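Data first, discussion second: the structure below is written as structure tokens.
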Amino acid sequence: MSEHPLVLGIETSCDETGVGIVHGQTLLVDAVASSVDEHARFGGVVPEIASRAHLEAMVPTIERACAQAGVRLSDLDAIAVTSGPGLAGALMVGVASAKALALGLGIPLYGVNHLASHVAVDIIEHGPLPEPTLAMLVSGGHSSLLLVPDVTCDVRSLGATIDDAAGEAFDKVARVLGLPFPGGPHIDRAASEGEITIDFPRGLTSRRDMERHRFDFSFSGLKTAVTRWVEAERAAGRDVPVADVAASFQEAVTDVLVRKAILACREHDVAALQVGGGVAANSRLRAMAAERGAAAGIEVRIPRRALCTDNGAMVAALGAQMVAKGRAPSTLDLPADSSMPVTDVQSGLPVDVDHDHPH
Ligand code: KG4
Ligand code: ZN
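Read in order, the letters of the sequence shown are residues 1 to 359 in my numbering.
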């Protein structure tokens with residue numbers, strides 16, 4: 001098939017119904033319908049609400065994407081869909097829709113990993129990924145350092161969070177500070193008006209932890225430290241300096257993330273660091289990664305904010321790479337796998353494909 005396939009990607013792993021269309025490495029459209037407002041009053045994503053919202057948004061979002069891109073469904077070369085990890089019911093809506101499209105149009109279907117998609121999206125922003133790339137994925141559900149020799153088939157885990165994900169820490173601390181859900185963007189904004197005045201703990205960075213958990217993260221101790229600090233202020237009858245707490249917390253998270261990512265690049269001899277996932281939208285993380293990367297001689301690649309949070313274009317981007325590299329499509333019985341391992345880039349691999357050597 002073509003080196004510049006026209007691929008429609010569907011993402012429904014959480015609360016965003018994303019439909020993106022990519023032509024080779026060019027983004028044509030990224031249509032997103034979010035149910036985030038429906039979850040806000042619960043302080044977190046409610047799976048049942050998300051699934052129902054995906055059902056309602058799916059067809060209109062596909063239609064909107066095609067109309068904006070000037071693409072007819074019959075023009076498509078392949079369909080790609082997030083098959084995991086994520087919320088089971090939410091994933092099922094996307095997977096069923098993708099199967100129906102692929103079957104109806106008679107075109108190949110690629111069931112892909114959500115996390116690998118967060119990495120692949122950078123191709124439509126900055127061009128082909130250096131091989132290998134070191135990817136840091138920081139979202140509401142994941143915080144991982146990945147060694148990526150080939151995003152279409154070979155993703156290796158170097159480390160991950162042992163408790164809360166980075167985005168989860170942002171969301172929980174925001175709640176403590178009385179900021180709305182999802183908290184990341186609110187902390188980011190508040191922090192821009194504050195000073196780093198409090199030295200919050202950097203999880204898993206002690207000498208001993210660096211032996212056992214070199215590329216792992218832990219954010220629950222930090223969250224507890226922030227909560228205690230805020231409670232002590234309130235108990236003493238003082239106003240909580242929200243902007244300063246936000247800035248100090250953000251600095252602690254970012255410092256650990258960037259420090260470990262650069263160390264991983266050095267130790268694995270990788271010259272490119274890609275940062276993806278919702279938390280990659282954070283201003284301080286973007287600035288610090290760029291600054292420390294430049295000092296270490298490492299090329300830092302972070303897509304624009306809209307492509308960092310969940311979207312359909314990232315799925316289409318990975319699908320287009322798979323088509324261009326001649327990877328076998330997934331079988332039509334591919335599952336929605338809520339706990340799909342990060343090392344499985346594709347689901348529903350045909351049985352005759354050697355999983356360890358798919359080339
Ligand atoms: O990748 P994503 O959209 O969904 C998941 O797969 O989880 O990430 C959502 C997470 C939320 O926790 C949100 O608070 C966080 O990304 N986030 C941010 C920012 N924008 C979104 N965290 C810090 N700073 C931001 N500007
Ligand atoms: Zn995500």
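Backbone N, C-alpha and C fix where the C-beta goes; we use that ideal spot for every residue, glycine too. All figures in this text were calculated on a predicted structure; none of them were measured in a lab.
Can you tell me whether residue i is buried or exposed, with buried defined as 16 or more other CB within 10 angstroms of its CB?
{"i": "GLY13", "result": "Note that residue 13 corresponds to Ser in the displayed sequence, not to Gly. Buried."}
{"i": "THR26", "result": "exposed"}
{"i": "ARG228", "result": "exposed"}
{"i": "ARG327", "result": "buried"}
{"i": "THR17", "result": "buried"}
{"i": "GLY237", "result": "exposed"}
{"i": "GLU195", "result": "exposed"}
{"i": "PRO5", "result": "buried"}
{"i": "PRO303", "result": "buried"}
{"i": "VAL59", "result": "exposed"}
{"i": "SER206", "result": "exposed"}
{"i": "ALA289", "result": "buried"}
{"i": "GLY20", "result": "buried"}
{"i": "ASP344", "result": "buried"}
{"i": "ALA280", "result": "buried"}
{"i": "ASP122", "result": "buried"}
For the ligand ZN, any of its heavy atoms closer than 8 Å to the Cβ of residue i?
{"i": "SER339", "result": "no"}
{"i": "HIS142", "result": "yes"}
{"i": "GLY278", "result": "yes"}
{"i": "ASP122", "result": "no"}
{"i": "LEU139", "result": "The residue you asked about is not Leu; residue 139 is Ser in the sequence shown. Checking every heavy atom of the ligand ZN against the Cβ of SER139, one is found closer than 8 Å."}
{"i": "THR197", "result": "no"}
Where does residue i fall in DSSP's three states?
{"i": "ASP30", "result": "strand"}
{"i": "VAL19", "result": "strand"}
{"i": "ALA236", "result": "coil"}
{"i": "GLN346", "result": "strand"}
{"i": "PHE217", "result": "strand"}
{"i": "ASP154", "result": "strand"}
{"i": "VAL323", "result": "helix"}
{"i": "VAL148", "result": "strand"}
{"i": "THR61", "result": "helix"}
{"i": "GLU11", "result": "strand"}
{"i": "MET210", "result": "helix"}
{"i": "LEU129", "result": "coil"}
{"i": "ARG301", "result": "strand"}
{"i": "LEU134", "result": "strand"}
{"i": "ALA272", "result": "strand"}
{"i": "THR224", "result": "helix"}
{"i": "SER338", "result": "coil"}
{"i": "THR331", "result": "coil"}
{"i": "GLU3", "result": "coil"}
{"i": "ILE79", "result": "strand"}
{"i": "THR254", "result": "helix"}
{"i": "SER74", "result": "helix"}
{"i": "ALA165", "result": "coil"}
{"i": "HIS192", "result": "Per the sequence shown, residue 192 should be read as Ser rather than His. Three-state result, SER192: coil."}
Using a Cβ-based criterion (distance less than 8 Å to any ligand heavy atom), does residue i qualify as near the ligand KG4?
{"i": "ASN113", "result": "no"}
{"i": "ASP75", "result": "no"}
{"i": "ALA225", "result": "no"}
{"i": "SER192", "result": "no"}
{"i": "THR12", "result": "no"}
{"i": "SER283", "result": "yes"}
{"i": "GLU233", "result": "no"}
{"i": "THR118", "result": "For clarity, residue 118 is His in the given sequence; the question names Thr instead. Yes, the Cβ of HIS118 comes within 8 Å of a heavy atom of the ligand KG4."}
{"i": "GLY183", "result": "yes"}
{"i": "PHE170", "result": "yes"}
{"i": "ASP188", "result": "yes"}
{"i": "GLU16", "result": "yes"}
With distances taken Cα to Cα, identify the nearest neighbour of residue i among the options.
{"i": "ARG284", "options": "ILE187, ARG301, ASP352 and GLN274", "result": "ILE187"}
{"i": "THR152", "options": "SER338, THR331, ALA336 and ALA316", "result": "ALA316"}
{"i": "GLY293", "options": "ASN282, LEU318 and ARG266", "result": "ARG266"}
{"i": "HIS142", "options": "LEU101, GLN346, ALA264 and VAL342", "result": "VAL342"}
{"i": "ALA40", "options": "ALA33, GLY183 and PHE215", "result": "GLY183"}
{"i": "ARG301", "options": "ALA174, THR133, VAL173 and TYR110", "result": "THR133"}
{"i": "ASP15", "options": "VAL270, PRO350 and GLY86", "result": "GLY86"}
{"i": "SER330", "options": "ILE107, PRO60 and THR61", "result": "ILE107"}
{"i": "HIS118", "options": "ALA235, ASP216 and VAL81", "result": "VAL81"}
{"i": "HIS23", "options": "ALA31, SER34, SER35 and LEU8", "result": "LEU8"}
{"i": "GLU363", "options": "GLN250, ASP164, GLU211 and PHE181", "result": "No statement about residue 363 is possible, as the shown extent of the chain runs from 1 to 359 and does not include it."}
{"i": "SER369", "options": "GLN274, GLU231 and ALA191", "result": "Within the shown structure, residues of the chain are numbered from 1 to 359, placing residue 369 beyond reach of any answer."}
{"i": "PRO180", "options": "ASP337, VAL19 and VAL36", "result": "VAL36"}
{"i": "VAL256", "options": "ILE123, LEU204, HIS268 and LEU76", "result": "LEU204"}
{"i": "ALA320", "options": "GLY111, PHE200 and ARG202", "result": "GLY111"}
{"i": "GLY178", "options": "VAL148, VAL240 and ASP209", "result": "VAL240"}
{"i": "VAL176", "options": "VAL253, GLY43, MET210 and ARG259", "result": "GLY43"}
{"i": "LEU145", "options": "ALA261, ILE10 and LEU334", "result": "ALA261"}
Closest Cβ-Cβ distance between residue i and chain B: below 9 Å?
{"i": "THR309", "result": "Although the question refers to chain B, the structure presented lacks it and comprises just one protein chain."}
Check whether the Cβ of residue i sits closer than 8 Å to any heavy atom of the ligand FMN, and report yes or no.
{"i": "ASP244", "result": "The ligand FMN is not part of this structure, which contains only the ligand KG4 and the ligand ZN."}
Open item on the list: Contact between the segment 303-312 and the segment 18-32 is defined here as three or more beta-carbon pairs at a separation below 8 Å; is this criterion met?
Closed with: yes
Open item on the list: When you compare the segment 53-70 with the segment 87-96, are there three or more beta-carbon pairs, one atom per stretch, that lie closer than 8 Å?
Closed with: Contact between the segment 53-70 and the segment 87-96 is present, because at least three Cβ pairs lie under 8 Å.
- [ ] Would you check if there are 3 or more beta carbon pairs closer than 8 Å linking the segment 204-221 to the segment 164-172?
- [x] Short answer: they touch.
- [ ] Kindly confirm or deny that the segment 124-131 and the segment 332-352 touch, where touching means at least three C-beta pairs closer than 8 Å.
- [x] no
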